[in-house]
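One structure is given below, encoded as structure tokens.
In this note's numbering, the protein residues as written are 137 to 338.
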């Protein structure tokens, strides 16, 4: 196993433990949770700082938002209507293990290189941006694997008494993040969410 693979494995294992502990905290402190979400974005809009925030929603919150949303589907599945509780995150600018993994990939660049490119070299800027986006795709692949691991190890079943869908999303619900959710979850769990997306929450 090369250095990159070793660091990636360590980052994955450490992040997965954090994810499981956060999910267990939610189950212990909130009732009628029906779905979890991992909201994906990049700190400072830098693709080398990819991040997900764990959140969740409850039946009580969903029902309270029906009158505010355009439909029941929007109230239930659009993150804008969820609880928005203080969240738990994986990755981002302050994740030192993530930074170590990034340094070992073929996509690495320093912040000094990026700062120079932003000011002086458009071609280099586009090249570094593409590298960062390729690393962000590696990150998302690991996040999907973590969610799959939650199901294969029965974490959600054991924690909540049933499996819950885990929605991986951005601010907008479009084809790419929807595909992440499809890859990560058993299909039967996300049929309702998929129908809501296909109807544009109508």
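Glycine is no exception: its CB is placed at the ideal position from the N, C-alpha and C atoms. Being a predicted model, the structure only gives us computed values, none of them experimental.
Check: So, does the stretch 319–335 touch the stretch 296–310, judging by three or more C-beta pairs under 8 angstroms?; Outcome: yes
Check: Looking at the secondary structure, which residues open and close the beta strand (DSSP E) in which residue 226 lies?; Outcome: 224–227
Check: Considering only DSSP beta bridges, list what residue 174 is partnered with.; Outcome: 190, 304
Check: Less than 8 angstroms between C-beta atoms, sequence neighbours within five positions excluded: which residues of the same chain meet that for residue 331?; Outcome: 209
Check: In the DSSP assignment, what are the bridge partners of residue 169?; Outcome: 194
Check: Taking 9 angstroms as the threshold (C-beta atoms), are residue 226 and residue 144 in contact?; Outcome: no
Check: With a threshold of 8 angstroms, establish whether the CB of residue 197 neighbours any heavy atom of the ligand FAD.; Outcome: Only the bare structure without any ligand can be found here, which leaves the ligand FAD out of the picture.
Check: Along the chain, which unbroken stretches of the alpha helix (DSSP H) at least 4 residues long are found entirely within the stretch 256–309?; Outcome: 258–288, 291–296
Check: By how many angstroms is the C-alpha of residue 244 removed from the C-alpha of residue 169?; Outcome: 39 angstroms
Check: Examine the Cβ distances between the stretch 211–229 and the stretch 186–197 and report whether three or more of them are shorter than 8 angstroms.; Outcome: yes
Check: Can you find at least 3 beta carbon pairs, one from the stretch 157–166 and one from the stretch 260–275, that sit closer than 8 angstroms?; Outcome: no
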